[in-house]
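Scroll down for the structure; my scribbles are underneath it.
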Amino acid sequence: MAVLSRSRHRWVVLAVGVGAQGAFAAMFSGIPVTGIAMRAGYRLTTGELGLVLACLGLGVAVSDLVWGLLTDRFGDRRVLLTGLTSTGLLLAVMAATVTPADGAGVVPLAGCMAVAGALGGSVNGASGRAIMTWFQEGERGFAMSIRQTAIPVGGAVGVGLLPWLAHTYDFRAVYAAPAAFCLAAAAATWRWLHDPADRPRATEHPVTGHPVSEGPEGGGRSPLRRWDVWRLALAGSLLTVPQFAVLSFTAIFLHDVKGEGATLASVTVLIAQLGGGAARIWTGRRTDRAGSASGTRRAYLRAIGALAGIAMAAAAVLTGAPTPITVTALALGGLLANSWHGIAYTEIAAMAGPARAGTALGLLGTALFAMGFLTPLLIPVVIAHASWTAVWALTAAAALLAIPLAPAPVRAR
Numbered sequence: 001m002a003v004l005s006r007s008r009h010r011w012v013v014l015a016v017g018v019g020a021q022g023a024f025a026a027m028f029s030g031i032p033v034t035g036i037a038m039r040a041g042y043r044l045t046t047g048e049l050g051l052v053l054a055c056l057g058l059g060v061a062v063s064d065l066v067w068g069l070l071t072d073r074f075g076d077r078r079v080l081l082t083g084l085t086s087t088g089l090l091l092a093v094m095a096a097t098v099t100p101a102d103g104a105g106v107v108p109l110a111g112c113m114a115v116a117g118a119l120g121g122s123v124n125g126a127s128g129r130a131i132m133t134w135f136q137e138g139e140r141g142f143a144m145s146i147r148q149t150a151i152p153v154g155g156a157v158g159v160g161l162l163p164w165l166a167h168t169y170d171f172r173a174v175y176a177a178p179a180a181f182c183l184a185a186a187a188a189t190w191r192w193l194h195d196p197a198d199r200p201r202a203t204e205h206p207v208t209g210h211p212v213s214e215g216p217e218g219g220g221r222s223p224l225r226r227w228d229v230w231r232l233a234l235a236g237s238l239l240t241v242p243q244f245a246v247l248s249f250t251a252i253f254l255h256d257v258k259g260e261g262a263t264l265a266s267v268t269v270l271i272a273q274l275g276g277g278a279a280r281i282w283t284g285r286r287t288d289r290a291g292s293a294s295g296t297r298r299a300y301l302r303a304i305g306a307l308a309g310i311a312m313a314a315a316a317v318l319t320g321a322p323t324p325i326t327v328t329a330l331a332l333g334g335l336l337a338n339s340w341h342g343i344a345y346t347e348i349a350a351m352a353g354p355a356r357a358g359t360a361l362g363l364l365g366t367a368l369f370a371m372g373f374l375t376p377l378l379i380p381v382v383i384a385h386a387s388w389t390a391v392w393a394l395t396a397a398a399a400l401l402a403i404p405l406a407p408a409p410v411r412a413r
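Note that UniProt numbering gives residue 200 to position 200 of the sequence shown, counting from 1, and the numbers run on in steps of one.
Below is the structure:
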């Protein structure tokens with residue numbers, strides 16, 4: 001009966017993780033697509049807009065590893081409740097006091113974005129560790145990919161909703177909507193997320209007090225001291241460059257270069273987000289069913305890097321092509337750049353083991369969002385000194401550089 005209860009409840013836990021990840025993604029992905037309205041409403045330059053958008057990624061980058069360590073120490077439930085509730089409350093404060101109607105400028109706006117990213121980043125490691133706890137090897141790739149698909153799906157909700165709210169209402173509504181999402185996810189976490197009764201035990205290190213896995217997966221060694229874990233995190237950060245470039249600057253590119261409005265940009269990003277989400281589930285299921293899951297996940301990661309690099313290189317070559325052709329290349333490149341997260345998160349958590357999964361997932365999140373911070377800062381500089389062709393070419397180069405950096409597939413003996 002206990003086994004049956006665990007078997008059923010693991011899907012409830014997964015649903016809670018999906019809700020938490022999706023709530024944060026609606027804010028994180030939706031706000032950048034309001035870039036045109038934000039630039040006009042707050043009277044920002046393109047460089048200032050890049051700084052504001054970059055601060056979202058900076059907040060996650062500086063906090064994700066800390067959240068991962070806290071998750072391994074205090075558990076996923078406490079961390080998720082703290083992060084989601086505080087993020088929702090901050091967004092509610094922003095809706096009340098940090099809008100163009102309130103006379104807010106670049107400094108308070110950028111500061112609030114950084115804090116929102118820092119608080120919301122709690123969902124990355126905590127919800128992932130819960131999945132590692134409740135699901136077994138052979139099904140974790142599928143489960144983790146579903147959780148990671150909440151990012152493009154939640155992002156798609158944000159991309160479709162927040163620009164419309166900005167245009168129809170104002171930025172009070174833009175911030176209030178994701179605030180409601182985060183608070184609803186916190187309520188679901190409080191109601192349904194808990195540890196399984198038969199959870200594998202973890203002992204504490206006699207000096208540091210950190211949990212040490214007793215099973216073979218973790219090996220008792222901190223993920224932060226393993227070069228193969230760092231390689232995977234750094235490869236993921238490079239694959240993040242085309243993802244953030246398409247997400248954050250497609251609207252600006254299409255407006256400034258092609259004379260298009262926010263609708264086409266939203267459609268392009270939605271295709272990248274939803275298509276990438278479907279690809280995450282497919283790759284997660286595929287690698288679970290394949291033999292030597294670790295080696296298969298690494299092989300898929302390298303293959304996606306190659307395909308994303310080719311697609312973004314095509315976008316660079318086709319920058320001056322008719323708009324439908326350019327948009328197709330960007331949508332495909334964005335789709336591929338959104339498709340690898342599930343297998344990467346599964347692989348790095350499996351490398352660390354369940355007791356250390358929060359730390360490993362936090363490291364990956366830190367690497368990804370650090371690049372998410374740097375990418376919006378770099379792109380305006382490239383535009384000012386070169387061109388949009390150079391922007392898309394650099395994203396292609398980043399994806400291709402991730403291929404040799406990613407850990408090589410492990411061959412079954």
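Backbone N, C-alpha and C fix where the C-beta goes; we use that ideal spot for every residue, glycine too.
Between the C-alpha atoms of Asp76 and Leu224 there is a straight-line separation of about 20 Å. Two segments are said to touch when three or more pairs of C-beta atoms, one from each, lie closer than 8 Å; by this definition the segment 27–43 touches the segment 145–164.
In this model, Thr328 and Asp64 are separated by some 33 Å (Cα to Cα).
Using a Cβ distance threshold of 7 Å, Gly83 and Leu119 count as a contacting pair.
Ranked by Cα distance from Leu81, the options Met351, Gly121, Leu270, Val60 are led by Gly121. Approximately 4 Å separates the beta-carbon atoms of Leu361 and Gly125; this is inside 8 Å, confirming the contact. Gly275 is a Cβ neighbour of Leu335, given a cutoff of 7 Å. According to the DSSP assignment, Phe135 belongs to no alpha helix (DSSP H), since it is labelled neither H nor E.
Residue range 227–256 is occupied by the alpha helix (DSSP H) that includes Asp228.
Using a 10 angstroms sphere on the CB of Glu347, the tally of other CB atoms reaches 16 or more, which defines it as buried. Beyond the five residues adjoining it in sequence on each side, Ile325 comes within less than 8 Å, by CB distance, of Leu318 in the same chain, given in chain order.
Of Gly47, Gly57, Val13, Val18, the smallest CA-CA separation from Phe373 is found for Gly57. When the Cα atoms are used, Pro100 and Pro404 turn out to be separated by approximately 46 Å.
Contact annotation: Arg129 and Thr85 have beta-carbon atoms that are not nearer than 7 Å. By alpha-carbon distance to Ser145, the top candidate from Tyr42, Arg289, Ile343, Leu232 is Ile343. Under the three-state reduction of DSSP output, Thr389 falls in the helix class. Leaving aside the five residues that flank Pro32 on each side, the residues in its chain whose CB is nearer than 7 Å to its CB run, in chain order, Leu53, Leu247, Ser248. CA-to-CA, the gap between Val60 and Gly35 works out to about 20 Å.
With respect to the 7 Å criterion, Met351 and Gly333 are not classified as neighbours on the basis of their beta carbons.
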